[in-house]
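These protein sequences, in sequence, are chains A and B. Convert by adding 17 to the 1-based position in the first sequence; the result is the number in the working numbering. Convert by adding 17 to the 1-based position in the second sequence; the result is the number in the working numbering. For every residue, glycine included, the Cβ atom is placed at its ideal position computed from N, Cα and C. Step one of this worksheet: look at the structure below.
Number of protein chains: 2
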Amino acid sequence: MKDSERCRVDLIRLGELGRRGGERVERREQLSMETGLIRVEGSPEIKASKDYLIEKMKEAGLKVRFDPVGNIFGRREGFKASGGAVMAGSHLDSVLNGGMFDGALGVIATLEAVRRMEDEGFQNDRPIEVAVFTGEEGSAFHMVLLGSSVLIGEATYEEGQEIRNDEGVSLREALREQGHVGDFQLDLDDIEYFVELHVEQGPILHNEDIPLGVVENVTGLSWVKAIIRGEENHAGTTPMSMRIDPLVASADIIKFVNRRANELAAESGTTVGTTGRLIVHPGLPNIIPGTVELGIDIRDTNDATKKALIKEVISEITSLEGRYGVRTETEVLFDHKPSALSGVVIGAIKRSAEEVGIRYHMMNSGAGHDAQNIAHRVKTGMIFVPSVGGVSHSPLEWTDWGDIERGVKVLTRTLKNLSAL
Amino acid sequence: MKDSERCRVDLIRLGELGRRGGERVERREQLSMETGLIRVEGSPEIKASKDYLIEKMKEAGLKVRFDPVGNIFGRREGFKASGGAVMAGSHLDSVLNGGMFDGALGVIATLEAVRRMEDEGFQNDRPIEVAVFTGEEGSAFHMVLLGSSVLIGEATYEEGQEIRNDEGVSLREALREQGHVGDFQLDLDDIEYFVELHVEQGPILHNEDIPLGVVENVTGLSWVKAIIRGEENHAGTTPMSMRIDPLVASADIIKFVNRRANELAAESGTTVGTTGRLIVHPGLPNIIPGTVELGIDIRDTNDATKKALIKEVISEITSLEGRYGVRTETEVLFDHKPSALSGVVIGAIKRSAEEVGIRYHMMNSGAGHDAQNIAHRVKTGMIFVPSVGGVSHSPLEWTDWGDIERGVKVLTRTLKNLSAL
């Protein structure tokens, strides 16, 4: 079996194992809204997928260990006595009704990089750690980046184990039941570099026909929640002049968030602002709404710009009180800082891409990734491959096999180069 | 028992019978969100309420008959041999979690008018028909103005009987089970005048401190449904310049409907336009919406103005395609004409109010009523009494007892005057 074929077989098999109906998808044309993965932590799909992966890791000569929150590490020892390890990897869990490459690709690409080293008899100076992080998507256990957050100490192993899914099952119980848990605790001080390969999940590489993205920053992300209260009334009997309509007021916010994000993006290129959630109560055509809830997503790789925009949005929401007579409440649900990735690792990825003759684009990540966590403790880089049409978190997510092979080539070379640094 | 006391006792008792918990409410301060009525057709609450009412109708000397869709008629014969009857009444059913006066007041006020005629030995020339229409609110059987629509021939008795509630029970079965159905079929050609007394359900009388409204027109009502489709995408990875966001486009429509309705209302005073329904798919903060559904309510007592506004709104929605790249679909779900009420009956109500010394306000009805149906066949008028704060379709709906007595006085005099016309 050719190298590129081996990687393709693994991804197709993991897709099959991740689908409730077990559909096998080899070509983009076979995708439909019915071929989504529900490979969430604790599911039979993730058990089958992890079992398959662990077998493949062992076949590749890796020493497999589990930590108390189910992070999986596969070690290939280094050929030089000293020096921190080079870690690479991603996650296996999916969103509800997700695609077959988000996460899984980074895991399989790293495994494949190690297999190619083995085949070539390549002697890596530093140890290589293949990492599979638990619950990146937060689909079942409702904490995003679960495994990597515990790894960097944002939560303790015990706190991670105690998180429960909607059925009331704790992560500890779910992992024990599936046999994917252990006592190993990775010390990030023993890791020198980390690289995550991932699908872009956006349209830039696809639109510009560039096969590879080298990520400089992972965006900072904030959610603002707003409640706008007016006066619920009969739409027929309440004259226009006697209304306090919170949806009319909310329309100003939808426009404001969009307009200001567009203006800031035109300057910096990295600002995005989205009103993705809007709930009208009671929501009947013949009743003037009483309350509107808004959920606004604001991201920027520049933390100061993001913070300023959050402030502007909150101030605009508050100003509705004077303009419309509504009452408003706002809350910043969270405000995560952007992560600047490591110049050393970025340099290694660029050099590697050049060595294997693959064009790349410098870019930022608008989505969150385990890499942004690991970057707080370890010199970290990210490699993106194109998402067809920019589609992600959808059964229709796709990355062409040729682009996957190009990504694997650059990742393999990068791990080799970092191992020698 | 004083006359006004008798009417109050009936309304309080009907409120008790209409509440699932049987709470007794005599004063506005006793109202809460827990004291709502769920007196829908087919419920134990409507059976108890109709049983109580029928007993009271019989006590008042009325001849009670049921028609095949459960409309109830109570006849007091006329003292002159010829001439069509004067009909008055309203409905007993409520919205889900409604108030104790909407509908019930018109029924009890008419019953009380007859009782006062009886007490006074008043000899009405024309027969009086007390009417109780089935399922005005459409809460259980999902057809508004059910009983009066059948009565005017918009649907046949059989079609009305075949309508089923969410439990799959037909109206025929529900009425039979409760014993409130019969073979009588009222011929509207035998009715000369119809009067409905109702709570205003709006704020005008309460705000202007006027105890009575004489209705000239029942508004025409139209619902426009729109679907705006954009491109569902990741809110983090999709640059501002690459978005097609249907919620941003929809904000224009919310503003447009409100601005144009305000402008037209400033000219005519009767236009209202409301975006009361707005549903965002998928509705998560971190996903650029793929689709937005809008439900727009447009009303005017001037049919031409209403039709022109509907056209403007649809044209504005369509214009989003060019401005935002969205795809749009629009549908006029229904477009009911306004009903102009009868000059003869309006004149009789005004004269009666003047005779009993009660100030009134000429106004329009922004809500739908059985009277708008009957008006297609019979000379019809409506009397409004104030709703405290304009609140309706809510457990907190209230009308002061003094205003109820003033309404009953005017209704009684009106029926007497019409009977002599």
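Between which residues of its own chain and residue i is the CB-CB distance below 8 Å, once the five residues before and five after are set aside?
i	result
Ser-187 of chain B	Gln-178, Glu-179, Ile-180, Arg-181
Gly-199 of chain B	Arg-82, Phe-83, Asp-84, Pro-85
His-378 of chain B	Ile-221, Leu-222, Glu-225, Ile-227, Leu-229, Gly-230, Val-231
Lys-97 of chain B	Asp-142, Arg-143
Pro-407 of chain A	Per the sequence presented here, residue 407 of chain A reads as Gly, with Pro not at that position. Hits under 8 Å: Glu-217, Gln-218, Gly-219, Pro-220, Ile-221, His-223, Asn-224.
Gly-339 of chain B	none
Tell me which same chain residues have a C-beta within less than 6 Å of the C-beta of residue i, skipping the five on either side of it?
i	result
Leu-31 of chain B	Ser-66, Ala-121
Leu-413 of chain B	Leu-48
Phe-211 of chain B	Met-104, Ile-391, Val-395, Thr-397
Val-361 of chain A	Lys-396
Val-112 of chain A	Glu-154, Ser-156, His-410
Ser-369 of chain A	Val-427, Arg-430, Thr-431, Asn-434
Arg-189 of chain A	Gln-178
Arg-36 of chain B	Leu-54
Quick test of your reading: residue i and residue j, contact by CB under 8 Å. State the CB separation rounded to the nearest angstrom.
i	j	result
Ile-315 of chain A	Ser-382 of chain A	About 16 Å; that fails the 8 Å criterion.
Gly-424 of chain A	Ile-400 of chain A	6 Å
Pro-263 of chain A	Thr-308 of chain A	6 Å
Glu-209 of chain B	Gly-100 of chain B	7 Å
Asn-250 of chain B	Gly-164 of chain B	Asn-250 of chain B to Gly-164 of chain B, Cβ: 50 Å. No contact.
Arg-143 of chain B	Gly-95 of chain B	5 Å
Ala-365 of chain A	Leu-311 of chain A	So it is not a contact: roughly 43 Å between Cβ atoms.
Lys-73 of chain B	Leu-128 of chain B	6 Å
Val-57 of chain A	Arg-93 of chain A	29 Å between Cβ atoms; not a contact.
Ile-313 of chain A	Thr-288 of chain A	Between Thr-288 of chain A and Ile-313 of chain A the Cβ distance is about 13 Å, and since that is not below 8 Å, they are no contact.
Thr-416 of chain A	Phe-118 of chain A	5 Å
Pro-306 of chain B	Gly-293 of chain A	6 Å
How is the beta strand (DSSP E) around residue i delimited, first residue to last?
i	result
Ile-89 of chain A	89-93
Asn-381 of chain A	378-382
Leu-350 of chain A	344-353
Thr-255 of chain A	Unbroken run through Thr-255 of chain A: none, as it is neither H nor E.
Met-399 of chain A	396-402
Asp-317 of chain B	308-317
Ala-102 of chain B	102-108
Leu-295 of chain B	289-298
In the DSSP assignment, find the unbroken alpha helix (DSSP H) run with residue i in it and report its ends.
i	result
Glu-233 of chain B	Run containing Glu-233 of chain B: none in the alpha helix (DSSP H); it sits in the beta strand (DSSP E), 230-235.
Ala-266 of chain B	263-285
Ala-392 of chain A	Neither: Ala-392 of chain A is in no alpha helix (DSSP H) and is coded neither H nor E.
Thr-416 of chain A	Neither: Thr-416 of chain A is in no alpha helix (DSSP H) and is coded neither H nor E.
Ile-125 of chain A	121-137
Gly-32 of chain A	20-35
Lys-324 of chain B	320-341
Val-361 of chain A	360-373
Excluding the 5 residues preceding and the 5 following residue i in the sequence, name in chain order all residues of the same chain whose CB lies nearer than 7 Å to its CB.
i	result
Phe-351 of chain A	Ser-239, Trp-240
Lys-64 of chain B	Gln-195
Asp-110 of chain A	Arg-56, Val-57, Glu-58, Ile-63, Gly-120, Gly-152, Glu-153, Glu-154, Ser-156
Pro-77 of chain B	Going by the sequence as given, residue 77 of chain B is Ala instead of Pro. The answer, listed in chain order, is Leu-128, Val-131, Arg-132, Glu-135.
Gly-342 of chain A	Ile-261
Trp-418 of chain A	Arg-25
- Give the residues from the stretch 305-318 of chain A that approach chain B closer than 7 Å (Cβ to any Cβ), ordered along the chain. Cβ contacts with chain B come from Ile-305, Pro-306, Gly-312, Ile-313, Asp-314, Arg-316.
- Message: Report the start-end ranges of each alpha helix (DSSP H) in the stretch 140-228 of chain A that is 4 residues or longer and not cut off at the edges.
- Response: At a cut-off of 4 residues, the continuous stretches assigned as alpha helix (DSSP H) that sit fully inside the stretch 140-228 of chain A are 163-168, 174-179, 188-195, 221-225.
- Task: Residues of the stretch 401-412 of chain A with a CB closer than 7 Å to any CB of chain B: list them in chain order, please.
- Result: Of all residues in the stretch 401-412 of chain A, Gly-407, Ser-409, His-410 have a Cβ within less than 7 Å of some Cβ in chain B.
- Interface positions of the stretch 266-287 of chain B facing chain A (Cβ-Cβ less than 7 Å), listed along the chain: So the list reads Ala-268, Ile-271, Lys-272, Asn-275, Ala-278, Asn-279, Ala-282, given in the order they occur along the chain.
- Message: Quick check on the DSSP output: what are the complete alpha helix (DSSP H) runs of length 4 or more inside the stretch 45-80 of chain A, in order along the chain?
- Response: As summarised for the stretch 45-80 of chain A, the continuous alpha helix (DSSP H) elements at least 4 residues long and confined to that stretch are 61-76, given in chain order.
- Task: Taking only beta carbons into account, state which residues of the stretch 71-100 of chain A come closer than 9 Å to chain B, listed in chain order.
- Result: So the list is empty, because no residue satisfies the distance condition.
- Item | Members of the stretch 365-391 of chain B that neighbour chain D once the beta carbon cut-off is set at 8 Å | In the displayed structure, chain D is absent; the protein chains listed are A and B.
- Of all the residues that make up the stretch 209-225 of chain A, which are near chain B by a beta-carbon distance shorter than 8 Å? When CB distances to chain B are screened at a threshold of 8 Å, the residues of the stretch 209-225 of chain A falling below it are Glu-217, Gln-218, Gly-219, Pro-220, Ile-221, Asn-224, in chain order.
- Task: Using a Cβ-Cβ cut-off of less than 7 Å, give me the residues of the stretch 240-256 of chain A that come near chain B, in sequence order.
- Result: Taken in chain order, the members of the stretch 240-256 of chain A whose beta-carbon sits within less than 7 Å of a beta-carbon on chain B are Trp-240, Asn-250, His-251, Ala-252, Gly-253, Thr-254, Thr-255, Pro-256.
- Task: Identify each residue in the stretch 50-70 of chain B for which the Cβ-Cβ distance to at least one residue of chain A is less than 7 Å, and report them in chain order.
- Result: Close to chain A, meaning a Cβ-Cβ distance shorter than 7 Å, is no residue of the stretch 50-70 of chain B at all.
- Task: Output, in sequence order along the chain, the residues in the stretch 107-125 of chain A whose CB is closer than 7 Å to any CB in chain B.
- Result: The stretch 107-125 of chain A vs chain B, Cβ under 7 Å: nothing.
- Which residues, in chain order, does the stretch 288-303 of chain B contribute to contact with chain A at a C-beta distance below 9 Å? Taking 9 Å as the Cβ-Cβ cut-off, the stretch 288-303 of chain B approaches chain A at Thr-288, Val-289, Gly-290, Thr-291, Thr-292, Gly-293, Arg-294, Leu-295, Ile-296, Val-297, Pro-299, Gly-300, Leu-301, Pro-302, Asn-303, given in chain order.
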